[in-house]
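Under the numbering used here, residue 247 is the last one in the sequence shown; the count climbs by one each step, no gaps. For every residue, glycine included, the Cβ atom is placed at its ideal position computed from N, Cα and C.
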Amino acid sequence: MITVKVYFSPATLDEFDLRDKTIVVIDVLRASTTITYAMAAGAREVIPVASVDQAMKIVGNLFSTATMLCGERGGKRIEGFRLGNSPSEYTREIVEGKSLILTTTNGAVALTKAKYARHCYVSSFVNLSASARVLAELNDLEETGLVIICSGRENDFSLEDATCAGALLSLLMQVKEIELTDSARTVLSIAKEYGGDILRTLQNSDHGKHLAQIGFAEDIITSAKVDSVPLVPVMDQTVIKKKIVFD
Ligand code: MLT
Numbered sequence: 001m002i003t004v005k006v007y008f009s010p011a012t013l014d015e016f017d018l019r020d021k022t023i024v025v026i027d028v029l030r031a032s033t034t035i036t037y038a039m040a041a042g043a044r045e046v047i048p049v050a051s052v053d054q055a056m057k058i059v060g061n062l063f064s065t066a067t068m069l070c071g072e073r074g075g076k077r078i079e080g081f082r083l084g085n086s087p088s089e090y091t092r093e094i095v096e097g098k099s100l101i102l103t104t105t106n107g108a109v110a111l112t113k114a115k116y117a118r119h120c121y122v123s124s125f126v127n128l129s130a131s132a133r134v135l136a137e138l139n140d141l142e143e144t145g146l147v148i149i150c151s152g153r154e155n156d157f158s159l160e161d162a163t164c165a166g167a168l169l170s171l172l173m174q175v176k177e178i179e180l181t182d183s184a185r186t187v188l189s190i191a192k193e194y195g196g197d198i199l200r201t202l203q204n205s206d207h208g209k210h211l212a213q214i215g216f217a218e219d220i221i222t223s224a225k226v227d228s229v230p231l232v233p234v235m236d237q238t239v240i241k242k243k244i245v246f247d
């Protein structure tokens, strides 16, 4: 029996409580989607960091042409950074072989909380089935339990992440026996209600509306394409270097 717990924001999470767990971090709009695109395009690694200052510090230490500063604040590219947080920016021409230091408002913060995890995966709709498959194939999931961290928005709930968590969980339940906590039951019912038309759900979400307003409507369409990138980025401590690729 696998115990599943879902957090709706990383705000109150203590990284030590996540020690030795299996963790999935979801930020549909857009960090998880973007990281998956970056890894698919051949990025050498993605290093998520919580603040702009930290990103500058790391890039200073690692200084080389193979390192790039990436990320957003308020959804927009940070001044002086090479890339923002749109999946479409992360093309092979630009990111192949590169180390990407990524800071985003919620998703990167959620990832930094998972540094003591036994396993940590980056999930969204674009790699939904691949993520479920990775979890289903783990042989210690019963021992570690599963913690799904929805990155949320401004330290609060976001509909798109909760819907994705529920969709992931219902796939996993087809092949594994799950012990449902209250939070797991909640995302399952959210996915039932809002998982039928993902694009519409994303477009109508608070963050989806904000992104459309500031000119990133295309990113919402990209992020709603279920199973378009059959690859799961894996974070080991503080770095996403590995990826599990399916055909
Ligand atoms: C975040 O981490 O808060 C998001 O990815 C924000 C965004 O849409 O860029």
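- Residue environment for residue 71: buried (at least 16 other C-beta atoms within 10 angstroms of its C-beta).
- Secondary structure at residue 53: helix, using DSSP grouped into helix, strand and coil.
- In the DSSP assignment, residue 150 is bridged to 26.
- Pairwise C-beta distances place the region 71-90 out of contact with the region 11-25, as fewer than three of them are shorter than 8 Å.
- In this structure, DSSP gives residue 178 an extended state, which the three-state scheme calls strand.
- Fully contained in the region 52-104 are the following beta strand (DSSP E) runs of length 3 or more, in chain order: 67-73, 99-103.
- Taking the Cβ atoms as the reference, residue 35 lies roughly 12 Å from residue 28, outside the contact range of under 8 Å.
- Sixteen is the threshold: since fewer than 16 other Cβ atoms of the shown chains lie within 10 Å of the Cβ of residue 65, the residue is exposed.
- With a threshold of 6 Å, the Cβ atom of residue 29 counts as near the ligand MLT, since some heavy atom of the ligand is closer than that.
- If you check the C-beta of residue 36 against the ligand MLT, you find no heavy atom less than 6 Å away.
- Checking the 6 Å criterion, the Cβ of residue 155 is out of range of every heavy atom belonging to the ligand MLT.
- The straight-line gap separating the alpha-carbon atoms of residue 199 and residue 129 is approximately 17 Å.
- A straight line joining the alpha-carbon of residue 76 with that of residue 40 spans about 23 Å.
- By the CB criterion at 7 Å, residue 222 and residue 124 fall outside the cutoff.
- With respect to residue 2, residue 178 sits close: the two C-beta atoms are nearer than 7 Å.
- A distance below 8 Å between beta-carbons, with the five flanking residues on each side excluded, links residue 134 to the following residues of its chain, in chain order: 121, 232, 244.
- By the Cβ neighbour-count rule, residue 96 is exposed, with fewer than 16 other Cβ atoms within 10 Å of its own.
- Where residue 209 is concerned, the enclosing alpha helix (DSSP H) starts and stops at 206-213.
- Taking residue 141 as the centre and dropping the five residues before and after it, the same chain places the C-beta of 2, 22, 135, 176 closer than 8 Å to its C-beta, in chain order.
- Between the alpha carbons of residue 138 and residue 152 lies a gap of roughly 26 Å.
- Non-local C-beta neighbours of residue 69 in its own chain, meaning closer than 6 Å and more than five positions away in sequence, comprise 55, 59, 81, 82, 101, ordered along the chain.
- Short of 6 Å from the beta carbon of residue 148, and not among the five residues preceding or following it, lie these beta carbons of its own chain, in chain order: 6, 24, 165.
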